[in-house]
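**Student:** Input: one structure, supplied below.
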Amino acid sequence: AVARTTSAEADITQNIRQNVDTDTVHPSLAIFKSATAASVPVTQTADIEYTYVVENRGYTTATNVLITDVLDANTGYTALSAVFTLEGAAQIVDETYYASTHTVIFDLPDLSPNALGYFTYTARVTDTLSGSVSAVTNTATLGSAQADDDAADNTSTAALPAAAGLNLYVDKSAQPAPD
Numbered sequence: 001a002v003a004r005t006t007s008a009e010a011d012i013t014q015n016i017r018q019n020v021d022t023d024t025v026h027p028s029l030a031i032f033k034s035a036t037a038a039s040v041p042v043t044q045t046a047d048i049e050y051t052y053v054v055e056n057r058g059y060t061t062a063t064n065v066l067i068t069d070v071l072d073a074n075t076g077y078t079a080l081s082a083v084f085t086l087e088g089a090a091q092i093v094d095e096t097y098y099a100s101t102h103t104v105i106f107d108l109p110d111l112s113p114n115a116l117g118y119f120t121y122t123a124r125v126t127d128t129l130s131g132s133v134s135a136v137t138n139t140a141t142l143g144s145a146q147a148d149d150d151a152a153d154n155t156s157t158a159a160l161p162a163a164a165g166l167n168l169y170v171d172k173s174a175q176p177a178p179d
């Protein structure tokens, strides 16, 4: 459609149309987890070191960053063993351990865009492993106060082979010697 006029227009500012698109940017968090132990398969009292690579691949800072880590039912968190290194500098990490559910929540510092950090902690196999236990498995989820457009890489699982502990039973009996 074409509009034409032969008279001068009094207010030409009303002829301007603006097209404004608003994009909301989010952090894009990612976590990768691995596990190591002094000997494999792991058995009772074995220490397991879990290591994470934590990233913000997004375009905005992630705030209130938490790792929720569900440990294997046969393990327990080793208090104050968490170390977080962000861009080469050690960071303070608050931790809360719920022994009844084998869950640890780690409160990480804010992650700026393109931030890359390394996080480690230790867990110990606390229970005698039954013969049906073939692995010690641990799953961690990374989240923040902001929505993440790609949540598929926010969870990571690590597993180590396990072996049942020894169950020794000694039964001793004696018969009196005949007279």
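Under the working numbering, the residue at position 179 of the sequence shown is numbered 179, and the numbers go up by one with no gaps. From the three backbone atoms N, C-alpha and C, an ideal C-beta is built for every residue, glycine too.
Could you check whether Glu55 and Ala30 sit closer than 9 Å to each other, using their CB atoms as the reference points?
**Tutor:** Their beta carbons are under 9 Å apart, which means Ala30 touches Glu55 by this criterion.
**Student:** Give the secondary structure of Pro161 by DSSP, where H, G and I count as helix, E and B as strand, and everything else as coil.
**Tutor:** Correct three-state label for Pro161: strand.
**Student:** From Ala140 to Ser132, what distance separates their C-alpha atoms?
**Tutor:** About 24 Å.
**Student:** Kindly indicate which residue of Ser130, Leu86 and Ser28 has the alpha-carbon position closest to the one of Gly117.
**Tutor:** Answer by Cα proximity: Leu86.
**Student:** Measuring straight from C-alpha to C-alpha, what distance separates Thr60 and Ala135?
**Tutor:** If I take the Cα positions, the gap works out to 38 Å.
**Student:** Where does Ser34 land, buried or exposed, given buried means 16+ other C-beta within 10 angstroms?
**Tutor:** Exposed: under 16 other Cβ atoms inside 10 Å.
**Student:** Give the DSSP-derived three-state secondary structure of Ala35 in the structure shown.
**Tutor:** Here Ala35 sits in strand by DSSP.
**Student:** Would you call Pro178 buried or exposed, if buried means 16 or more other Cβ atoms sit within 10 Å of its Cβ?
**Tutor:** Classification of Pro178: exposed, given that the 10 Å Cβ count is below 16.
**Student:** Below 8 Å, can you find three or more Cβ-Cβ pairs linking the region 70–78 to the region 96–108?
**Tutor:** The region 70–78 vs the region 96–108: in contact.
**Student:** When you compare the CB of Ala159 with every CB in chain D, is at least one pair closer than 9 Å?
**Tutor:** The structure shown has no chain D; it contains just one protein chain.
**Student:** Determine the burial state of Asp72: buried for a count of at least 16 other Cβ atoms within 10 Å of its Cβ, exposed for fewer.
**Tutor:** By the neighbour-count rule (16 or more Cβ atoms within 10 Å), Asp72 is buried.
**Student:** Mapping the DSSP letters down to three states, classify Asp72 as helix, strand or coil.
**Tutor:** Three-state result, Asp72: coil.
**Student:** Given that a residue counts as buried once 16 or more other Cβ atoms are within 10 Å of its Cβ, and exposed if not, what is Gln146?
**Tutor:** With 16 or more Cβ atoms within 10 Å of its Cβ, Gln146 is classed as buried.
**Student:** So, using beta-carbon positions, are Leu66 and Phe32 closer together than 9 Å?
**Tutor:** No.
**Student:** Give me whichever residues DSSP pairs with Arg124 in a beta bridge.
**Tutor:** Its beta-bridge partners are Asp47 and Gly76.
**Student:** How would you label Pro27, buried or exposed, when you count the other beta carbons within 10 angstroms and need 16 or more for buried?
**Tutor:** Buried, since its Cβ has 16 or more Cβ neighbours within 10 Å.
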